[in-house]
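The structure appears below as structure tokens.
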Amino acid sequence: MSSRKPRPPSGRSADKYSVLLPTYNERENLPLIVWLLVKYFGESGYEYEIIVIDDGSPDGTLDVAQQLQNIYGEDKILLRPRAKKLGLGTAYIHGIKHATGNFIFIMDADLSHHPKFIPEFIRLQKEGDLDLVSGTRYKGNGGVYGWDLRRKLISRGANFLTQVLLRPGASDLTGSFRLYKKQVLEKLVERCVSKGYVFQMEMIVRARQLHYTIGEVPISFVDRVYGESKLGGNEIVSFAKGLLTLFATT
Amino acid sequence: MTKLVEWLVGVTVILVAWAVVSFDLLELRLPDTYREVAWPMPLYLLVSFGCYSLATVGYRVATFNDCDEAARELQEQIKEAKEDLRKKGLKM
Numbered sequence: 001m002s003s004r005k006p007r008p009p010s011g012r013s014a015d016k017y018s019v020l021l022p023t024y025n026e027r028e029n030l031p032l033i034v035w036l037l038v039k040y041f042g043e044s045g046y047e048y049e050i051i052v053i054d055d056g057s058p059d060g061t062l063d064v065a066q067q068l069q070n071i072y073g074e075d076k077i078l079l080r081p082r083a084k085k086l087g088l089g090t091a092y093i094h095g096i097k098h099a100t101g102n103f104i105f106i107m108d109a110d111l112s113h114h115p116k117f118i119p120e121f122i123r124l125q126k127e128g129d130l131d132l133v134s135g136t137r138y139k140g141n142g143g144v145y146g147w148d149l150r151r152k153l154i155s156r157g158a159n160f161l162t163q164v165l166l167r168p169g170a171s172d173l174t175g176s177f178r179l180y181k182k183q184v185l186e187k188l189v190e191r192c193v194s195k196g197y198v199f200q201m202e203m204i205v206r207a208r209q210l211h212y213t214i215g216e217v218p219i220s221f222v223d224r225v226y227g228e229s230k231l232g233g234n235e236i237v238s239f240a241k242g243l244l245t246l247f248a249t250t
Numbered sequence: 251m252t253k254l255v256e257w258l259v260g261v262t263v264i265l266v267a268w269a270v271v272s273f274d275l276l277e278l279r280l281p282d283t284y285r286e287v288a289w290p291m292p293l294y295l296l297v298s299f300g301c302y303s304l305a306t307v308g309y310r311v312a313t314f315n316d317c318d319e320a321a322r323e324l325q326e327q328i329k330e331a332k333e334d335l336r337k338k339g340l341k342m
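Chain order of the listed sequences is A and B. Residue numbering for the first sequence follows my numbering, beginning at 1 and increasing consecutively. Residue numbering for the second sequence follows my numbering, beginning at 251 and increasing consecutively.
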């Protein structure tokens with residue numbers, strides 16, 4: 001149960017949070033994640049908007065997004081679709097262009113990230129005027145649901161290797177539940193060239209290089225798709241390649 | 251300096267120091283004990299690091315939090331959300 005947080009007095013806080021939701025075939029999950037976002041942002045009293053960036057999903061995700069827009073309003077749900085699957089980095093760039101907030105949340109639309117942590121992200125960011133707040137599965141009471149031993153071993157092993165090679169000053173580099181100041185996200189996306197998991201890692205590494213301040217919030221990651229899409233050899237190889245590239249170039 | 255360069259510099263410094271002591275390259279004529287201790291150091295360090303890595307990863311895997319509570323809560327909220335959205339007119 002979430003407690004009722006006091007609403008910030010109107011006019012005092014000019015902060016607005018734009019949530020970027022890149023989607024591909026999330027017809028089932030999109031309404032649920034939007035409902036949760038509306039619930040927790042509503043309780044927090046902060047201004048927000050949700051930007052759905054659908055990459056031409058064949059399952060009708062955009063139709064569902066349209067319905068959500070009718071229910072919650074065009075000022076709260078923005079649709080900025082693209083014709084085909086174009087990748088995360090460009091989705092962020094596309095989303096930022098249309099974001100009217102001064103802060104940007106990025107997160108997964110498949111319910112693995114839970115909006116209940118959003119007030120904690122905001123609190124931590126305000127506390128230290130941080131440039132970036134990252135959700136971590138590895139510290140505090142952060143954790144994962146739905147992973148077997150093999151998956152945990154791969155995850156911790158890869159993370160250990162990353163810590164040794166890059167010494168990044170953040171415990172969870174491949175996580176994608178983050179809060180950025182808008183101009184910080186803009187600068188970082190400009191400079192990052194990697195894809196997939198490694199893109200998220202590169203964002204943190206570059207943030208460190210540019211001396212941005214980073215905070216961490218323990219989050220629970222509920223993996224509901226793991227059973228369907230296992231972490232295969234291909235992904236491990238591309239992760240290793242990406243890690244070595246970052247090692248050699250940053 | 252990239253991390254790669256940092257590592258190369260660090261490793262080079264250590265290896266040079268080791269070689270100087272182990273093979274008496276600068277004719278320092280250090281006591282034998284120095285050489286005896288220094289000689290196997292690289293191997294010891296590698297093995298120690300290996301053990302440290304295994305122990306650390308092992309510990310972290312063993313203490314990896316399982317968020318059963320979070321999964322349950324999510325299921326509850328999904329039900330609630332579906333019901334509420336249905337009332338609001340969403341056709342799923």
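All C-beta atoms, glycine included, are put in the ideal place defined by N, C-alpha and C.
Paired residues, beta bridge with residue i - DSSP
i, result
"Val222 (chain A)", "A:Tyr145"
"Lys16 (chain A)", "A:Glu47"
"Asp259 (chain A)", "Residue 259 (chain A) falls outside the range modelled here, since chain A spans only 1 to 250, and no answer is possible."
"Ile77 (chain A)", "A:Ile50"
"Lys85 (chain A)", "None, per the DSSP bridge assignment."
Residue i vs residue j beta-carbon contact at 8 Å
i, j, result
"Asp75 (chain A)", "Leu62 (chain A)", "no"
"Thr213 (chain A)", "Leu124 (chain A)", "no"
"Asn102 (chain A)", "Lys187 (chain A)", "no"
"Leu173 (chain A)", "Val311 (chain B)", "no"
"Leu179 (chain A)", "Val144 (chain A)", "no"
"His113 (chain A)", "Gly135 (chain A)", "yes"
"Glu47 (chain A)", "Tyr17 (chain A)", "yes"
"Gly89 (chain A)", "Phe199 (chain A)", "yes"
"Phe314 (chain B)", "Arg156 (chain A)", "yes"
Residue i Cβ short of 7 Å to the ligand HEM heavy atom set
i, result
"Glu49 (chain A)", "In terms of ligand content, the structure shown is empty, and the ligand HEM therefore cannot be addressed."
Under 7 Å by beta carbon: chain B residues contacting residue i
i, result
"Tyr145 (chain A)", "Asp316, Cys317, Asp318, Ala320 and Ala321"
"Glu71 (chain A)", "The displayed chain sequence assigns Ile, not Glu, to residue 71 (chain A). Within chain B, the residues near Ile71 (chain A) are Lys338, Gly339 and Leu340."
"Ser220 (chain A)", "Cys317 and Ala320"
"Gly142 (chain A)", "Asn315"
Backbone secondary structure at residue i - three-state DSSP
i, result
"Tyr212 (chain A)", "coil"
"Asp316 (chain B)", "strand"
"Thr136 (chain A)", "strand"
"Lys341 (chain B)", "coil"
"Val217 (chain A)", "strand"
"Leu179 (chain A)", "strand"
"Glu228 (chain A)", "Here the model assigns Glu228 (chain A) a pLDDT of 49, short of 50, so the residue's position is not dependable and the matter cannot be decided."
"Phe105 (chain A)", "strand"
"Lys358 (chain B)", "As displayed, chain B neither begins before 251 nor continues past 342, which places residue 358 (chain B) out of reach and without an answer."
"Asp63 (chain A)", "helix"
"Pro290 (chain B)", "coil"
"Glu28 (chain A)", "coil"
"Pro119 (chain A)", "helix"
"Asp282 (chain B)", "helix"
"Cys301 (chain B)", "helix"
"Ser112 (chain A)", "coil"
"Val237 (chain A)", "helix"
"Val193 (chain A)", "coil"
"Phe273 (chain B)", "coil"
"Arg167 (chain A)", "coil"
"Ala99 (chain A)", "coil"
"Thr249 (chain A)", "helix"
"Leu173 (chain A)", "coil"
"Leu265 (chain B)", "helix"
"Leu153 (chain A)", "helix"
Within chain B, partners of residue i - CB distance below 9 Å
i, result
"Pro31 (chain A)", "Ala331, Lys332, Leu335, Leu340 and Met342"
"Arg150 (chain A)", "None at all; the shortest Cβ gap to chain B is about 10 Å."
"Ala240 (chain A)", "Per Cβ cutoff of 9 Å: no residues; Ala240 (chain A) is ~15 Å from chain B at best."
"Arg191 (chain A)", "By Cβ distance, chain B contributes nothing, its closest Cβ being about 15 Å from Arg191 (chain A), past 9 Å."
"His114 (chain A)", "Ala320, Glu323, Leu324 and Gln327"
Cβ distance (whole Å) where residue i is taken to contact residue j below 8 Å
i, j, result
"Ile50 (chain A)", "Ile77 (chain A)", "5 Å"
"Phe221 (chain A)", "Arg137 (chain A)", "5 Å"
"Pro115 (chain A)", "Leu37 (chain A)", "5 Å"
"Leu166 (chain A)", "Val205 (chain A)", "6 Å"
"Leu21 (chain A)", "Val52 (chain A)", "5 Å"
"Ile122 (chain A)", "Phe177 (chain A)", "The pair is not a contact, with the Cβ atoms about 13 Å apart (cut-off 8 Å)."
"Ile71 (chain A)", "Leu340 (chain B)", "6 Å"
"Leu111 (chain A)", "Leu335 (chain B)", "At roughly 14 Å, the Cβ-Cβ gap does not stay under 8 Å, so Leu111 (chain A) and Leu335 (chain B) are not in contact."
"Val271 (chain B)", "Leu280 (chain B)", "6 Å"
"Ala269 (chain B)", "Leu275 (chain B)", "6 Å"
Listed by chain order, chain A residues near residue i by CB distance under 8 Å
i, result
"Thr306 (chain B)", "Phe160"
"Thr252 (chain B)", "Phe247, Ala248, Thr249 and Thr250"
Residues that residue i contacts on chain A, provided the C-beta gap is smaller than 9 Å
i, result
"Val311 (chain B)", "Leu149, Lys152, Leu153, Ser155, Arg156 and Gly157"
Chain-ordered chain A contacts of residue i [CB-CB under 7 Å]
i, result
"Leu295 (chain B)", "In chain order: nothing, as chain A lies at least about 14 Å away."
Beta-carbon neighbours of residue i, restricted to chain B and to distances below 8 Å
i, result
"Gln67 (chain A)", "Gly339, Leu340 and Lys341"
"Leu36 (chain A)", "Gln327 and Ala331"
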